[in-house]
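**Student:** In this note's numbering, the protein residues as written are 4 to 257.
We put the beta carbon where it would ideally sit given N, CA and C, even for glycine.
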Ligand SMILES: NC(=O)c1ccc[n+]([C@@H]2O[C@H](COP(=O)([O-])OP(=O)(O)OC[C@H]3O[C@@H](n4cnc5c(N)ncnc54)[C@H](OP(=O)(O)O)[C@@H]3O)[C@@H](O)[C@H]2O)c1
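1. Hey, would you say the C-beta of residue 77 is under 7 Å away from at least one heavy atom of ligand 1?
2. Where does residue 120 fall in DSSP's three states?
3. Looking only at its own chain, which residues have a Cβ that is under 6 Å from the Cβ of residue 162, when we skip the five neighbours before and after it?
4. Taking residue 89 as the reference, give the member of 70, 130, 39 and 72 with the closest Cα.
5. Would you say the beta carbon of residue 211 comes nearer than 7 Å to a heavy atom of ligand 1?
6. Cα separation between residue 267 and residue 250?
7. Quick check on the burial criterion: 16 or more other C-beta atoms within 10 angstroms. Buried or exposed for residue 198?
8. I'd like the span of the beta strand (DSSP E) that includes residue 185, first residue to last.
9. Measuring straight from C-alpha to C-alpha, what distance separates residue 164 and residue 157?
10. Please report the straight-line C-alpha distance between residue 17 and residue 67, rounded to a whole angstrom.
11. Under three-state DSSP, which class holds residue 17?
12. I'd like to confirm something about residue 11: is its beta-carbon nearer than 7 Å to some heavy atom of ligand 1, or not?
13. Which same chain residues, not among the five before or five after residue 215, have their C-beta less than 8 Å away from its C-beta?
14. For ligand 1, is there a heavy atom less than 7 Å away from the beta-carbon of residue 243?
15. Residues in its own chain within less than 8 Å of residue 85 by CB, not counting five upstream and five downstream?
16. By how many angstroms is the C-alpha of residue 254 removed from the C-alpha of residue 32?
17. Quick one: grab the DSSP three-state call for residue 267.
18. Rounded to whole angstroms, what's the CA-CA distance from residue 144 to residue 257? Just pull it up for me.
19. Beta strand (DSSP E) containing residue 43: first to last residue?
20. Buried or exposed: which applies to residue 14, given that a residue is buried once 16 or more other Cβ atoms fall within 10 Å of its Cβ?
21. In the DSSP output, what is residue 199 paired with across the bridge?
22. If you check the beta carbons only, do residue 133 and residue 181 fall under 8 Å apart?
23. Drop a sphere of 10 angstroms on the beta-carbon of residue 246, count the other beta-carbons inside from all chains shown, and report buried for 16 or more, exposed for fewer.
24. At 4 residues or longer, what runs of the alpha helix (DSSP H) sit wholly inside the region 120 to 146?
25. Return helix, strand or coil for residue 238, following the three-state DSSP convention.
26. With DSSP run on the structure shown, which of helix, strand or coil describes residue 251?
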């Protein structure tokens, strides 16, 4: 059945929705019966192509450009989306930047950009969403790196750990009208610079001995959206990788 023939469940705004995992979230939400507000920053062609694909399938869909690293009012994005889709009721904070740098290698510019895109934007978007939409769901896309002290990604990890704490705080503040939860993916879609050797090596360290499929993340999104007794949770979808931090103990003492 074409999507348009289903009863609309409302509209979902997906930040960074034009490519990679963001696009998977769009597909998941369209299948679930939502209209789509696809946010992008630099991927204008991919956003247009993605939107066209959805429209052909009967999904009501628009694209919205916004750079979260610039000095501008992030709440404008929610205002603009609501002009087009007054029934906005889902916000997926997926846009993110990922810089590898220790604290000693991190200039102020990188620290600022990591926090503006990965934490400040989701914070201000959630605030504007709650003020303007008044009810619905917010899902923050975090990272299983929050379970570790990977100082080699200092500003990135700190921005995601802060986003995880914000997820819990906002969940309490905004309940019962807005439900806030998070997903912490593990190895699913590694950056294109990563080769198969690297992925195989990472998989060795994962208890379930497998790389995640995008469908595993899509299922987590569906679960958090539909289970209305779940509040302020961060669902790790990582094959157990985040549980491997055993430390030194008498059993492994030689
Ligand atoms: N991929 C994985 O396996 C994995 C693992 C752990 C966690 N995650 C998390 O899952 C989410 C999606 O991951 P991904 O790998 O699919 O994403 P990604 O390729 O790292 O990028 C996501 C999007 O962020 C947007 N973005 C970057 N800078 C921006 C800015 N200044 N203003 C506004 N938007 C900006 C980009 O939009 P444009 O392309 O339009 O510029 C991009 O499409 C992220 O939050 C990531 O941390 C992913």
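**Tutor:** If we stick to the structure as given:
1. Along the chain shown, read from residue 1 onward, the residue named residue 77 stands at position 74. For ligand 1, not one heavy atom lies less than 7 Å from the Cβ of residue 77.
2. Taking the first residue of the chain shown as 1, we reach residue 120 at position 117. Correct three-state label for residue 120: helix.
3. Start at 1 with the first residue of the chain shown, and residue 162 comes out as number 159. 117, 118, 121 and 122.
4. The residue you call residue 89 lines up with position 86 of the chain shown. Per the Cα distances, 39.
5. Position 208 of the chain shown holds residue 211. No.
6. Outside the displayed range of the chain (4 to 257) lies residue 267, so it cannot be described from this structure.
7. Start at 1 with the first residue of the chain shown, and residue 198 comes out as number 195. Exposed.
8. Residue mapping note: residue 185 aligns to position 182 of the chain shown, counting from 1. Taken as a continuous stretch (DSSP letters only), the beta strand (DSSP E) holding residue 185 covers 181 to 188.
9. Walking along the chain shown from the start, residue 164 turns up at place 161. Walking along the chain shown from the start, residue 157 turns up at place 154. Roughly 11 Å separates the two Cα atoms.
10. Walking along the chain shown from the start, residue 17 turns up at place 14. Walking along the chain shown from the start, residue 67 turns up at place 64. Distance between the alpha carbons of residue 17 and residue 67: 10 Å.
11. Residue 17 sits at position 14 when you count from the first residue of the chain shown. If DSSP states are grouped into helix, strand and coil, residue 17 belongs with the strands.
12. Counting from one through the chain shown, the residue named residue 11 turns up at place 8. No, ligand 1 has no heavy atom inside 7 Å of this Cβ.
13. Residue 215 sits at position 212 when you count from the first residue of the chain shown. Excluding positions up to five away in sequence, the list reads 188, 189, 190, 191, 240, 241 and 242.
14. Mapped onto the chain shown, residue 243 falls at position 240. Flag unset: Cβ of residue 243 not near ligand 1.
15. Taking the first residue of the chain shown as 1, we reach residue 85 at position 82. Within the same chain, residue 85 has close Cβ partners 91, 135 and 136.
16. In the chain shown, the residue the question calls residue 32 occupies position 29. In the chain shown, the residue the question calls residue 254 occupies position 251. So the alpha carbons of these two residues sit roughly 47 Å apart.
17. The requested residue 267 does not occur in the structure, where the chain is confined to residues 4 to 257.
18. For the purposes of this step, residue 144 is taken as residue 141 along the chain shown, with counting starting at 1. For the purposes of this step, residue 257 is taken as residue 254 along the chain shown, with counting starting at 1. Their backbone Cα atoms lie some 40 Å apart in a straight line.
19. Working through the chain shown from its first residue, we reach residue 43 at position 40. Residue 43 -> beta strand (DSSP E) spans 38 to 43.
20. Position 11 of the chain shown, counted from the start, is the residue given in the question as residue 14. Answer is buried; the Cβ neighbour count reaches 16.
21. Locating residue 199 in the chain shown gives position 196, counting from the first residue. Partner(s): none; residue 199 has no beta bridge.
22. The count along the chain shown starts at 1 and reaches residue 133 at position 130. The count along the chain shown starts at 1 and reaches residue 181 at position 178. In contact: residue 133 and residue 181 (Cβ atoms closer than 8 Å).
23. Start at 1 with the first residue of the chain shown, and residue 246 comes out as number 243. It is exposed - the Cβ of residue 246 has fewer than 16 other Cβ atoms within 10 Å.
24. 124 to 136
25. As a working note, residue 238 is residue 235 in the chain shown. If DSSP states are grouped into helix, strand and coil, residue 238 belongs with the strands.
26. The count along the chain shown starts at 1 and reaches residue 251 at position 248. Three-state DSSP puts residue 251 in coil, outside helix and strand.
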